[in-house]
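Chains as they are written, first to last, in this note's numbering: chain A, 5 to 318; chain B, 5 to 318. We treat Cβ as the ideally placed atom computed from N, Cα and C, and that holds for glycine. Everything numeric in this text was worked out from a predicted model, so none of it was measured.
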């Protein structure tokens, strides 16, 4: 990735506006917490690890204002990493701006190292030489800083010559799979095919997949995992097909304060994203919609959780 | 439904062009088998029962030409009703055009009666008074002639005052749920919400659904059912949630010549429908895609199959 997804450059947060991909690669410069919250809520920056870095860097922009910090921390409810990143930087508020900035940059650098470690541990965990991987949403460099989580494992497999193909779910409503994952896979030269979300469980049943790899937005203490809507359906399909279902996420995604999945708040992003696709209306005027952005996969359907430190088998 | 989805009017086939809904209600007049095949392949007319009627009426247009009849019969591979409708009318070719037309009109009238019967039998089968129904694709009047199959049951429930709400899957890639099912439900005044396909299994797990009702494109002798892609994922979700999963389809959908689901040919409609949504590109240029239009739900996941004659418990 020649461009970091998010970084601190010359006194401001710089981030790739992911709503414009794959059509345009545009980097935004962000100087205020208000601008950052707006970027987070419209998903210009998204992905649990990247949100952790955004949270930490945002505290630098907040100049110690407790109201701004609290608003940033609550900008999206499901991903625990955002609040975690805010808290890591905010713990250094007493040390002044330089201390906060140093802590935030450490969050960034730790993410880079963690994603590299997850990629290697995940690739070591999987067996076989011509692996066909299924994944949902975008968990690549665009969801982190340099390399990603689940797609970081794919990247490592590809670098090791062990990747046959990726089946990428398009990931309605916002099509992160169609727009972002295909874009990243093309840049890394990895063979891939795009599929409708609903085709995932069926293609698992047909036997063409060796492993499902997903990221996570929050992992409860018992291993129940909140991730992009559609993850649970893949877990059901993987279980029935006997295919390993592996979550790849940094330790910061594990929330020991949440005992199980039923306690995870699931963000509903409203009907607009469902009744339109990239600005084109697809349903009659006045149609009501539900739009849960995440679902919860119960721990009994998860084969392994790979972090930068360990492999957990829930 | 003030307009029949498909009918024989003044010496031609008339059908609603479903690719233009919900924006425009346009009726096409079709005079040749070539035009009819084109309409079938671009899904201007779709839905297993409507395809049966299209097949039968198309034989009238074929004027006894065996090549035209064979091409019509093979226009789409997965829905058995198309071939069945062709065969029903073609059996009367020796009787001349009037005999073929009479047979084709009987296919049409039988469908109208069958859908009414399925609606009543399905509504009788379900228990409860404020039912929340989940469905995929479009199985309403637009998939048949006047009333539909699974959505025909919904219509009967609504007429009996027993329907609380329908959760309609949008049904990528061609969005029949978003475009057609919502349109029909609005016209019948039935409360409904649109959801992304991948949200179906999760909302089943959350406990807000009393039954899943789907149609069928082909039912194998052992009960395995081919239906719109995404049906299998709903079946997995329904099983885990303990929610009845009911197939509603006419007897003509049951193919005793196909022993089980693995023998059903699944149409792949090519990458175009996946990399675009209603004409808008959603993936980078050059992206490869797989596009299975149907999947197969194994019979052990099906609670009941409701036809115009009986309830089958596979």
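- Residue 87(A) holds the alpha-carbon nearest to the alpha-carbon of residue 75(A) among 83(A), 82(A) and 87(A).
- Between residue 145(A) and residue 181(B), the alpha-carbon positions lie close to 34 Å from each other.
- Within the stretch 196-230 of chain A, contact with chain B at the beta-carbon level (separation under 8 Å) is assigned to 196, 197, 198, 199, 200, 201, 202, 203, 204, 205, 206, 207 and 209.
- Non-local beta-carbon contacts of residue 63(A) in its own chain, meaning distances under 7 Å to residues more than five positions away in sequence, involve 73, 90, 93, 94, 104 and 108 in chain order.
- Of the other Cβ atoms in all chains shown, fewer than 16 fall within 10 Å of the Cβ of residue 30(A); this residue is therefore exposed.
- The residue from 212(B), 258(B) and 32(B) with its alpha-carbon nearest to that of residue 314(B) is 258(B).
- For the pair residue 277(A) and residue 173(A), the CB atoms are not nearer than the 8 Å cut-off.
- Against chain B, the CB of residue 276(A) has no partner CB under 8 Å away; the residue lies outside that interface.
- DSSP lists 296(A) as the beta-bridge partner residues of residue 272(A).
- By DSSP's assignment, residue 11(B) forms a beta bridge with 18(B).
- Contacts with chain B at 8 Å (Cβ-Cβ) include residue 241(A).
- In terms of beta-carbon proximity, residue 124(A) stays away from the interface with chain B, with every pair separated by 8 Å or more.
- Around the beta carbon of residue 98(A), a 10 Å sphere encloses fewer than 16 other beta carbons of the protein chains shown; the residue is thus reported as exposed.
- Secondary structure note for residue 102(A): its alpha helix (DSSP H) is the uninterrupted segment 101-129.
- Flagged as an interface residue toward chain B: residue 291(A), by a C-beta distance shorter than 8 Å.
- At least 8 Å separates the CB of residue 139(B) from every CB of chain A.
- In the assembly as shown, residue 45(B) is an exposed residue. Its beta-carbon has fewer than 16 other beta-carbons within 10 Å.
- Less than 8 Å divides the Cβ of residue 236(B) from the Cβ of residue 209(A).
- In the DSSP annotation of this structure, the continuous segment of the beta strand (DSSP E) that includes residue 170(B) starts and ends at 167-173.
- The criterion of a C-beta distance shorter than 8 Å is satisfied by residue 199(A) and residue 171(A).
- Contact between the stretch 213-228 of chain B and the stretch 278-290 of chain B is absent: fewer than three C-beta pairs spanning the two stretches fall below 8 Å.
- Leaving aside the five residues that flank residue 80(A) on each side, the residues in its chain whose CB is nearer than 8 Å to its CB run, in chain order, 44, 45, 55, 86 and 271.
- Out of 60(B), 137(B) and 50(B), the CA that lies nearest to the CA of residue 83(B) is found in 50(B).
- Within the same chain, 309 come within 6 Å of residue 316(A) by CB-CB distance, once the 5 residues on both sides are set aside.
- Nearest Cα to residue 297(B) within the set 240(A), 32(A) and 203(A): 203(A).
- Not a single CB atom of chain B sits nearer than 8 Å to the CB of residue 153(A).
- With a cutoff of 8 Å on beta-carbon distance, residue 143(A) and residue 186(B) are scored as not near each other.
- Cβ-Cβ separation between residue 279(A) and residue 229(A): approximately 29 Å, too far for a contact (criterion under 8 Å).
- Distances from the alpha-carbon of residue 48(B) to those of 10(B), 35(B), 67(B) and 130(B) put 10(B) closest.
- For residue 87(A), no CB of chain B lies under 8 Å from its own CB, so it is not counted at the interface with that chain.
- If you compare the alpha carbons of 260(B), 196(B) and 263(B) with that of residue 294(A), the shortest gap goes to 196(B).
- Distances from the CA of residue 205(A) to each of 133(B), 14(B) and 234(B) were compared; the closest alpha carbon is that of 234(B).
- In this structure, residue 166(B) sits away from residue 159(B), with a CB-CB distance that is not shorter than 8 Å.
- The residues 264 and 303, in chain order, have a CB closer than 6 Å to that of residue 226(A) in the same chain once the five nearest residues on each side in sequence are set aside.
- Between residue 17(B) and residue 61(B), the C-beta gap is smaller than 8 Å, which places the two residues in contact.
- Ranked by Cα distance from residue 281(A), the first of 183(A), 238(A) and 69(A) is 183(A).
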